[in-house]
Amino acid sequence: MEAGDSMKIVLCAIDAKFIHTNAALRMIRAACPFPCRLLEFTIKSAPSEIVDAIASERPDLVGFSVYLWNVDIVKTVAAALRARCRTTIVAGGPEITHDAASGLRDGTYDFIVRGEGERAFASLCEALSTGSDWRGIPNLAWKDEAGVRMNPIMPIADLGSLPSPYRSVDGDDSLPHRIQYLEWSRGCPFSCAYCLAPLDGGVRFFPLERVKEDIVSLLEHGARTFKFLDRTFNLKPEAASELLDFIIDRHLPGTVFQFEITGDLLPAWLIQRLNETAPAGLFRFEIGVQTTNDEANLAVDRKQDTARLFENVRMLVEGGRVVIHLDLIAGLPKEDVASFINTFDATFGLLAPELQLGFLKLLHGTPLRRDASRYGYEFTSDPPYEVIQNDCLSVADLDRIRAVETCLDRFWNRGIARPAIRMIQAAAPSMFLLFERLYAAAIREGFDFMHASLIDRFRLLDAFVSSEFPDSYAMIHDELVLDYLEAAVVKPKRWWPERMRKSPMMIRAHSADPSISIDDYQKYGVVIRYRDGFAVVVYRPSGKKTVRFR
Ligand code: B12
Ligand code: SF4
Numbered sequence: 144m145e146a147g148d149s150m151k152i153v154l155c156a157i158d159a160k161f162i163h164t165n166a167a168l169r170m171i172r173a174a175c176p177f178p179c180r181l182l183e184f185t186i187k188s189a190p191s192e193i194v195d196a197i198a199s200e201r202p203d204l205v206g207f208s209v210y211l212w213n214v215d216i217v218k219t220v221a222a223a224l225r226a227r228c229r230t231t232i233v234a235g236g237p238e239i240t241h242d243a244a245s246g247l248r249d250g251t252y253d254f255i256v257r258g259e260g261e262r263a264f265a266s267l268c269e270a271l272s273t274g275s276d277w278r279g280i281p282n283l284a285w286k287d288e289a290g291v292r293m294n295p296i297m298p299i300a301d302l303g304s305l306p307s308p309y310r311s312v313d314g315d316d317s318l319p320h321r322i323q324y325l326e327w328s329r330g331c332p333f334s335c336a337y338c339l340a341p342l343d344g345g346v347r348f349f350p351l352e353r354v355k356e357d358i359v360s361l362l363e364h365g366a367r368t369f370k371f372l373d374r375t376f377n378l379k380p381e382a383a384s385e386l387l388d389f390i391i392d393r394h395l396p397g398t399v400f401q402f403e404i405t406g407d408l409l410p411a412w413l414i415q416r417l418n419e420t421a422p423a424g425l426f427r428f429e430i431g432v433q434t435t436n437d438e439a440n441l442a443v444d445r446k447q448d449t450a451r452l453f454e455n456v457r458m459l460v461e462g463g464r465v466v467i468h469l470d471l472i473a474g475l476p477k478e479d480v481a482s483f484i485n486t487f488d489a490t491f492g493l494l495a496p497e498l499q500l501g502f503l504k505l506l507h508g509t510p511l512r513r514d515a516s517r518y519g520y521e522f523t524s525d526p527p528y529e530v531i532q533n534d535c536l537s538v539a540d541l542d543r544i545r546a547v548e549t550c551l552d553r554f555w556n557r558g559i560a561r562p563a564i565r566m567i568q569a570a571a572p573s574m575f576l577l578f579e580r581l582y583a584a585a586i587r588e589g590f591d592f593m594h595a596s597l598i599d600r601f602r603l604l605d606a607f608v609s610s611e612f613p614d615s616y617a618m619i620h621d622e623l624v625l626d627y628l629e630a631a632v633v634k635p636k637r638w639w640p641e642r643m644r645k646s647p648m649m650i651r652a653h654s655a656d657p658s659i660s661i662d663d664y665q666k667y668g669v670v671i672r673y674r675d676g677f678a679v680v681v682y683r684p685s686g687k688k689t690v691r692f693r
């Protein structure tokens with residue numbers, strides 16, 4: 144490329160799955176003075192397909208966005224591209240920001256942009272196109288004869304000056320099917336030692352009005368699932384409430400907005416307001432509990448008022464309007480297996496509809512990775528750098544936690560047998576130990592966690608409950624059968640032995656709820672004994688309905 148020419152730029156995103164979108168490259172494209180072609184793939188795409196697509200654009204410069212989930216495939220693609228055509232290769236993103244030297248030393252990338260990329264990328268493209276000196280551009284790293292050079296990272300102070308990527312989304316047919324990532328703020332005021340957010344350069348906000356305009360524009364273009372990337376959306380509760388009210392006002396049927404919330408910072412008035420005004424299912428709050436062990440929190444510099452956090456979550460779960468997703472991390476320093484069992488049992492007891500049990504990752508750039516030897520950490524050398532063991536949690540302990548995570552994910556988080564599991568939880572001293580025994584029973588039975596059908600899952604649970612809770616089995620069994628019928632979309636196969644004479648039961652059901660015709664009861668109904676009466680689930684083509692009667 145000659146100095147003065149307009150540059151041909153390709154930006155390449157490789158997402159974890161199709162439903163995700165790469166927000167970083169959309170922001171970078173919007174801020175770049177040259178037109179950029181955004182090519183988006185997933186980690187399942189074949190590297191050769193990605194290389195072909197990029198090379199066919201004959202780009203002067205290619206920008207890759209590098210995260211933990213795509214660092215390997217990006218490297219493969221970049222190396223193949225370098226062998227195939229002459230192009231400048233630039234990389235940025237959290238996985239390369241804190242490991243820039245290795246990406247430059249092996250020659251994969253010509254430039255790395257550390258930290259926020261909008262300004263640095265725009266300046267680099269301008270400098271390359273005019274042939275001017277790029278050595279002074281903040282955030283830029285490169286390699287020359289003297290070795291790797293890294294300019295200091297300068298956070299963008301005035302986020303409002305960055306153009307929005309969401310005002311020209313015409314013609315993007317994928318909008319309704321993918322998550323749209325929105326930003327109101329960047330950075331986090333807290334300093335959890337396992338997290339990258341504290342390194343992002345302090346909390347800064349985009350103007351609220353701009354965020355509202357982005358929402359309106361995306362809704363108009365068919366987007367329905369949104370996630371705010373703010374590390375703590377509720378940092379300014381009054382303004383957050385204003386934004387939530389705006390969304391309540393403007394949302395369309397089927398829209399979902401997700402937020403990361405710091406649970407102990409939620410004021411009671413805001414919870415109350417949401418419980419009164421939020422349409423059920425419109426908002427999903429992801430709340431990090433991580434651990435209830437104060438010593439572990441102290442070790443990772445995480446400030447958390449667990450009592451307050453639990454109280455707030457309880458209010459939200461009881462309110463039933465906002466979908467609550469809680470996160471736990473196994474493998475934090477000072478948390479042995481006994482402590483983790485306490486953390487799990489207490490958190491599960493909140494009965495939030497989603498509880499995600501994650502395993503600690505020792506991310507490049509984090510204080511915990513630097514201090515790893517102090518806590519005896521061993522972790523995978525390749526991404527995702529997951530804990531293998533530390534000085535208080537052995538490989539075997541982590542295997543126990545993994546077994547529990549499997550049951551949690553395959554039953555509770557998928558909404559299978561919720562009411563029955565709630566009854567089990569009320570009767571069990573420890574859900575951790577119970578899930579662990581369920582896992583062992585499943586393995587004995589040769590149960591296939593990945594591919595098990597609904598009927599297999601319920602059969603497993605029923606047999607397990609009959610051996611674990613013989614005294615309350617009858618009650619939990621009734622609940623399991625009804626849960627199963629309600630989970631099925633069309634009339635399902637039975638797995639319980641009891642049958643009843645149908646006709647007289649359907650006449651009784653019809654007197655309890657005459658809105659369904661006798662014919663429909665007979666044709667589409669399945670009747671079961673339920674508690675001290677009966678229940679019929681009617682699978683009419685127009686919709687399913689449950690009728691309880693005595
Ligand atoms: C969305 C998201 C996901 C999505 C995937 C999204 C996708 N496109 O496929 C999902 C939910 C799948 C996911 C999963 C995980 N994630 Co995640 N995720 C995020 C999240 C919330 C948003 C990323 C984002 O878009 N940010 C907004 C943009 C604007 O900021 P940015 O990414 O930092 O980009 C800026 C700069 O980095 C730079 N930049 C970025 N790309 C480029 C490219 C060029 C050319 C240039 C010049 C600059 C540049 O400029 C950008 C604008 O300033 C971040 C946290 C956050 N709020 O950022 C975590 C984050 C990226 N995830 C993280 C982690 C640890 C995980 C998991 C391991 C968590 C887990 N389950 O244990 C998994 C791994 C998944 C896997 N399959 O292996 C870590 C960091 C990982 C890393 N080093 O890459 C983050 C930072 C959260 C944290 N703990 O701090 N994640
Ligand atoms: S874990 Fe959450 S609260 Fe802690 S530093 Fe990261 S984003 Fe902030």
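Basically the numbering used here = 1-based index in the sequence shown + 143.
In this text, a Cβ means the ideal position worked out from N, Cα and C, and glycines have one as well.
Under 8 angstroms from any heavy atom of the ligand SF4, does the C-beta of residue i make it?
| i | result |
| --- | --- |
| C92 | Nothing in the structure corresponds to residue 92, since the chain is present only between 144 and 693. |
| R374 | yes |
| R642 | no |
| Y210 | no |
| T240 | no |
| T449 | no |
| P341 | yes |
| F371 | no |
| F389 | no |
| T776 | Coverage of the chain is limited to positions 144 through 693, which leaves residue 776 absent and any answer about it impossible. |
| G365 | no |
| F333 | yes |
| G345 | no |
| G501 | no |
| Y324 | no |
| R445 | yes |
| C535 | no |
| G303 | no |
Which same chain residues end up closer than 7 angstroms to residue i when comparing Cβ atoms and leaving out the 5 residues on each side of it in sequence?
| i | result |
| --- | --- |
| W212 | A159, I186 |
| S537 | none |
| L342 | G508 |
| I564 | F554, W555 |
| A655 | V690, F692 |
| G397 | R367 |
So, for residue i: in the same chain, excluding its five sequence neighbours on each side, which residues have a beta-carbon less than 6 angstroms away from its beta-carbon?
| i | result |
| --- | --- |
| D242 | H507 |
| T435 | T449, T486, A489 |
| T400 | One point to set straight first is that residue 400 is Phe, not Thr, in the sequence displayed. Hits under 6 angstroms: F369, I390, F426. |
| L577 | A571 |
| D373 | W327, S328 |
| V220 | P190, I193, V194 |
Could you give the C-beta distance for residue i and residue j, rounded to a whole number, given that I count them as a contact under 8 angstroms?
| i | j | result |
| --- | --- | --- |
| A234 | G246 | 6 angstroms |
| I239 | I255 | 6 angstroms |
| P380 | P350 | In fact, because the Cβ distance is near 18 angstroms, the residues do not count as touching under 8 angstroms. |
| V679 | Y664 | 7 angstroms |
| V205 | V153 | 5 angstroms |
Would you say the beta carbon of residue i comes nearer than 8 angstroms to a heavy atom of the ligand B12?
| i | result |
| --- | --- |
| K160 | yes |
| N165 | yes |
| H653 | no |
| P657 | no |
| C550 | no |
| P526 | yes |
| E385 | no |
| M297 | no |
| G474 | no |
| V233 | yes |
| M170 | yes |
| L154 | yes |
| L506 | yes |
Less than 8 angstroms between C-beta atoms, sequence neighbours within five positions excluded: which residues of the same chain meet that for residue i?
| i | result |
| --- | --- |
| G558 | P496, A630 |
**Request:** Count the C-beta pairs between the stretch 304 to 318 and the stretch 157 to 174 that are closer than 8 angstroms, then say yes if the count reaches three, no if not.
**Result:** yes
**Message:** So, does the stretch 312 to 329 touch the stretch 350 to 360, judging by three or more C-beta pairs under 8 angstroms?
**Reply:** yes
**At least 3 beta-carbon pairs within less than 8 angstroms: the stretch 496 to 510 vs the stretch 216 to 229** = no
**Request:** Determine contact between the stretch 466 to 482 and the stretch 540 to 552, defined as no fewer than three beta-carbon pairs at a distance below 8 angstroms.
**Result:** yes
**Message:** Assess contact between the stretch 449 to 466 and the stretch 412 to 430, defined as three or more Cβ pairs (one per stretch) separated by less than 8 angstroms. Is contact present?
**Reply:** yes
**Asked** Do the stretch 433 to 447 and the stretch 463 to 476 make contact, defined as three or more Cβ pairs closer than 8 angstroms?
**Response** yes
**Prompt:** Do three or more CB pairs link the stretch 587 to 606 to the stretch 512 to 528 at distances below 8 angstroms?
**Reply:** no
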